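In my numbering, the protein residues as written are 389 to 577. Glycine included, each C-beta is placed from N, C-alpha and C at the ideal position. All values derive from a computational prediction rather than experimental measurement. One structure below.
Encoded structure:
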């Protein structure tokens with residue numbers, strides 16, 4: 389804990405993260421359009437329904453009584469930056485998908501997964517399957533293929549292993565191991 393944080397705690401001054409945690413634990417965030425999901429290890433996420441889809445928006449750490457805005461109301465990632473993306477792994481993807489990653493757009497179905505050893509996998513869809521664009525009568529479907537990139541975050545929503553386009557799910561195990569090692573080494577849990 390930084391000295392500034394220690395002084396504020398002694399003086400009873402709440403951090404923005406503590407204030408957000410209190411706000412998110414009010415009745416307003418327990419009913420639609422919000423939904424709480426337990427992520428294990430004292431972590432949770434509050435999703436918000438936007439355009440008919442549930443979006444993981446706020447990350448809650450019940451251990452520290454702090455919350456973090458992971459995605460804003462414009463469906464842009466807040467704790468992720470362009471530096472948190474392995475651009476080499478995206479170089480062969482369609483330009484539209486790369487552009488969504490550059491824009492930090494979390495518009496398509498994307499999720500924060502369960503916490504294990506202080507880290508959570510995030511699946512970030514940067515291009516949907518063509519059925520996403522289809523209406524109830526089946527019109528509008530495209531030949532788009534779903535593209536998801538994956539990264540790992542700590543309990544503050546900070547990226548500990550950059551988002552990348554993987555060649556197979558076995559890579560996720562390696563990424564998780566690296567994420568857990570980094571969190572353990574830095575004690576950033």
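Neighbour-count burial assignment, residue i, 16 or more Cβ in a 10 Å radius
i: residue 439; result: exposed
i: residue 558; result: exposed
i: residue 571; result: buried
i: residue 401; result: exposed
i: residue 463; result: buried
Residue span of the beta strand (DSSP E) that contains residue i, given as start and end
i: residue 445; result: 441-449
i: residue 436; result: 431-438
i: residue 457; result: 454-457
Endpoints, the alpha helix (DSSP H) within which residue i is located
i: residue 426; result: Residue 426 -> not in any alpha helix (DSSP H); beta strand (DSSP E) instead, spanning 422-428.
i: residue 409; result: 404-412
Neighbourhood of residue i by C-beta distance below 8 Å, restricted to the same chain and skipping five residues each side
i: residue 510; result: 498, 499, 500, 501, 538, 539, 540, 541 and 551
Whole-angstrom C-beta distance between residue j and residue i, which should lie under 8 Å
i: residue 446; j: residue 457; result: 6 Å
i: residue 543; j: residue 506; result: 6 Å
i: residue 536; j: residue 513; result: 5 Å
Sequence-distant residues of the same chain with beta carbon closer than 6 Å to residue i, five excluded per side
i: residue 437; result: 421
Cut-off 7 Å between Cβ atoms - residues of its own chain near residue i, not counting five sequence neighbours on either side
i: residue 477; result: 552 and 553
i: residue 545; result: 447, 456, 458 and 467
i: residue 472; result: 539, 547, 550 and 551
i: residue 460; result: 466
i: residue 442; result: 423 and 435
Unbroken stretches of the alpha helix (DSSP H), 4 residues or longer, contained in the segment 481-569: Runs found: 483-490.
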